[in-house]
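S.K.: Got a structure here, written out as structure tokens. Questions coming.
Residue numbers (my numbering), protein chains in the order written: chain X, 156 to 271; chain L, -9 to 762.
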């Protein structure tokens, strides 16, 4: 999986960017969500992957037993996922409002701001 | 010194309040300030005359060599006295000139600020404090030129002056840095003590050129002279003070100050003499083609500055003497004439030479002041201007190089000054006195007093030069030459010498020139074609072109199209990454990791295929509901990957969040737009190419990082500290809530803000007429 994951993440990046570049609002949301997911996986891969060993100190020990996964990227990821969710939720609601207001699903139609 | 300067700055900034409080009597404290400083400076006079420079040091940033060092020698004192004396008179004059202007307080603020900066400039010993004051004078000059801020010409002129002198200031900064690196000294006094080393240093030539650039822009030397006539958009007191008597002489001051260091170099001598002479001729030539009194005065000022620069270039004791005497003479008569022009403008509403005539009867005091000043300008016998001119001629004739050019410059500009002086002194006031020129109101004492005082001083100093001012001028010349043997004795009468003959010839030719002045004015319009190629229009074209190009550039890359922004960012990022990864780092070795393929277990392959298939399906589907479900699938797969590699907390979070996202999506689904393809086929291929490129770059980056994994110190640290310091066994949780607890608080805040935003978006209904 160590060798597969970079390719999987690369595919995720490509697909999400392709969605973002679309004019359609719904695809924009999908793109943003997938892009966040890809970024998280990227961090995970770059932070170094350790098979199995979780970063938890077993009862009775003072130190975690090697090999264990690096806890720092995990902490970063946790934060990133939660903040990413905040952005996603906001984006979804925002796009819903835009669609309601403008009655358009085309990003290029949003260049006039008379209705705002 | 520091106390005096601080007082000046404090009073400068309290001027608007003083104006509110005292009304029109604000002039009393504002005028008392310069005269008070002048009195203080006078107490230092004996020290300076006994060759004991007054030195004061206040540390500021000692580690960078930036200190508030002050040093008052002959040259500084001459300038400081000029600045304070003129300052006082201008303050009084301005009170009358801008009597009805509600912004008088602000005007005093700028003017006093300028005066304080100028005082600091001429007394500073440290390079960088001089630079600081130099920049403040540029900025206050900008504010003063643009004082009439509703006038577009004033604003653009102010801009121009700031840009030109600001560019010079930048050059000066560079020069100071080079000098301080090259010599290790940060003050002028230190520099002058060790002058011999620097001329061999590699930084000598660049420092010299940068100094010249800085001083030429400030002192309006060709080809940077164009900002000065435009700066006449300022109120007349400002023109008299900044743009004739003081600020434009800051460049001269610095050239004089550094003269002992650089004057041995031929580049210095030839550049100063050449540029100075060219500026003198050009200024005189242009002065004859204008009818606006202030424009004429501006061009003759440029010409006079050119002569002073040329004298510094000659550098002989005679030339330095001529420079300091002429400096004083010019300041006195030019200041007077500017004030006279301002008074006339104030009283008649016109500054046009062709419209003004016979004003002597209606404003006799002004007429006397103008006559005294113009006689000094023309170089008639008992005036200081006469002495100055004789010295100039002598110095030019005795120069060791470029004699014809230097002499032509001094002589021809002398002739032009005579013509201008007759036009300003005789034509405006004494010609056609029978036909009265209507004036709106007679000038008040505050309007004619200051020019009259300046004019009279010109006569007194001319009649008894050795009595008052010679010692200071002598010390100033000595500071410039760097030797104590430069002695100065001024005489009004030299006997019948070659120079006297030349003076008389100048007068006669000047009279002749005045008589054909009308004809020159008629023909001057033919030269417009040439001026269109001059530096002023070049500056304007450059400025406009720059703005135009900037607009084009901005609209090309920031056209408001969101996707194009994204594409630019992605392409730039990918290009940068590829460049760095390909040329600066080792390449990925696939052969070394073939064994990793064996480690792939069946369920992992299934996961990979699942996600890849889900993504393919997403690309093809048009159903919103299925795409949401498939999205959820991809998210859950990511969670599985996290579990496989020892990150159960991350996996749990991912599962939770994914579920929530799907729920939100489904709840809002019926309000979201349906799928349609909007993009053109061709564009789609472009997008696909960009997306693939980006994905490939990211994959390559990850593979490279995996090849060169580094051991993390943080991992060991948190592994050891988790239980020992934070008493927690789950290291990830400990990091989140303990070691980096504040970060988590920030994260919660972000979520709260997002929730607030969502709430606001849900509750607002602008289509129903609610205001956002």
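For glycine and all other residues, C-beta sits at the position ideal for the given N, C-alpha and C. Owing to the predicted nature of the structure, the values given are computational and were not obtained by experimental measurement.
1) Can you tell me the Cα-Cα spacing of residue 237 of chain L and residue 209 of chain L, whole angstroms?
2) According to DSSP, simplified to helix, strand and coil, what is residue 212 of chain X?
3) Report the three-state DSSP secondary structure of residue 520 of chain L (helix, strand or coil).
4) Kindly indicate the opening and closing residues of the beta strand (DSSP E) around residue 56 of chain L.
5) In chain order, what residues of the same chain lie with their CB nearer than 7 Å to the CB of residue 339 of chain L, ignoring the 5 residues before and after it?
6) Could you give the DSSP three-state label for residue 89 of chain L: helix, strand or coil?
7) Check distances from the C-beta atoms of the region 198 to 215 of chain X to those of chain L and list, in chain order, the residues that come in under 9 Å.
8) Cutting at 6 Å between CB atoms, please list the residues of its own chain near residue 392 of chain L, excluding the five before and the five after it.
9) Determine, using beta carbons only, whether residue 286 of chain X and residue 195 of chain X come nearer to each other than 8 Å.
10) Suppose you measure from the CA of residue 215 of chain X to the CA of residue 608 of chain L; what does that come to, to the nearest Å?
11) What is the DSSP secondary structure of residue 773 of chain L, reduced to helix, strand or coil?
12) So is residue 555 of chain L in contact with chain X if we call contact Cβ pairs under 8 Å?
13) Taking residue 525 of chain L as the reference, give the member of L:79, L:341 and L:207 with the closest Cα.
14) If we require 4 or more residues per run, which alpha helix (DSSP H) segments fall completely within the region 632 to 695 of chain L?
15) The region 44 to 57 of chain L: which residues have C-beta closer than 7 Å to a C-beta of chain X, in chain order?
16) Which residue or residues does DSSP assign as beta-bridge partners of residue 102 of chain L?
17) Note down the Cα distance separating residue 319 of chain L from residue 243 of chain L, rounded to an integer number of angstroms.
18) Among L:-4, L:175 and L:1, which has the Cα closest to the Cα of residue 765 of chain L?
19) Quick check: the Cα distance between residue 121 of chain L and residue 330 of chain L, rounded to an integer number of angstroms?
20) Look at the alpha carbon of residue 556 of chain L and the alpha carbon of residue 176 of chain X, and state the distance between them as a whole number of angstroms.
21) How close, in whole Å, do the beta carbons of residue 627 of chain L and residue 597 of chain L come, if the pair is a contact with beta carbons under 8 Å?
22) How close, in whole Å, do the beta carbons of residue 389 of chain L and residue 396 of chain L come, if the pair is a contact with beta carbons under 8 Å?
23) Ends of the alpha helix (DSSP H) at residue 336 of chain L?
24) At the 8 Å Cβ level, is residue 529 of chain L part of the contact set with chain X, yes or no?
25) Spell out the partners DSSP gives residue 46 of chain L in its beta bridges.
26) Residues of chain X with a CB under 8 Å from the CB of residue 710 of chain L: which are they?
27) Could you tell me whether the Cβ atoms of residue 107 of chain L and residue 126 of chain L are closer together than 8 Å?
28) Can the beta-carbon of residue -6 of chain L be found less than 8 Å from the beta-carbon of residue 30 of chain L?
29) Helix, strand or coil: which one does DSSP assign to residue 114 of chain L?
30) Is the distance from the Cβ of residue 137 of chain L to the Cβ of residue 224 of chain L below 8 Å?
31) Are the beta-carbon atoms belonging to residue 312 of chain L and residue 385 of chain L less than 8 Å from one another?
32) Starting from residue 416 of chain L, follow the alpha helix (DSSP H) in both directions and report where the run begins and ends.
33) Mind checking residue 742 of chain L: buried by the 16 CB within 10 Å criterion, or exposed?
34) Please report the straight-line C-alpha distance between residue 489 of chain L and residue 271 of chain L, rounded to a whole angstrom.
35) I need the straight-line Cα distance from residue 110 of chain L to residue 416 of chain L, nearest angstrom please.
36) Using a Cβ-Cβ distance under 8 Å, would residue 9 of chain L count as near chain X?
M.R.: The short version:
1) 8 Å
2) coil
3) helix
4) 56 to 62
5) 430
6) coil
7) 199, 200, 201, 202, 203, 204, 205, 206, 207, 208, 209, 210, 211, 212, 213 and 214
8) 263
9) Here chain X has residues from 156 to 271 only, and residue 286 of chain X is not among them.
10) 48 Å
11) Outside the shown range of chain L, which is -9 to 762, sits residue 773 of chain L, and nothing can be said about it.
12) no
13) L:207
14) 638 to 658
15) none
16) Residue 102 of chain L pairs with nothing; no bridge assigned.
17) 16 Å
18) In the structure as shown, chain L begins at -9 and stops at 762. Residue 765 of chain L is therefore absent and cannot be evaluated.
19) 33 Å
20) 8 Å
21) 6 Å
22) 5 Å
23) 307 to 338
24) no
25) L:60
26) 218
27) yes
28) yes
29) strand
30) yes
31) yes
32) Element bounds for residue 416 of chain L: n/a, residue is neither H nor E.
33) exposed
34) 20 Å
35) 39 Å
36) no
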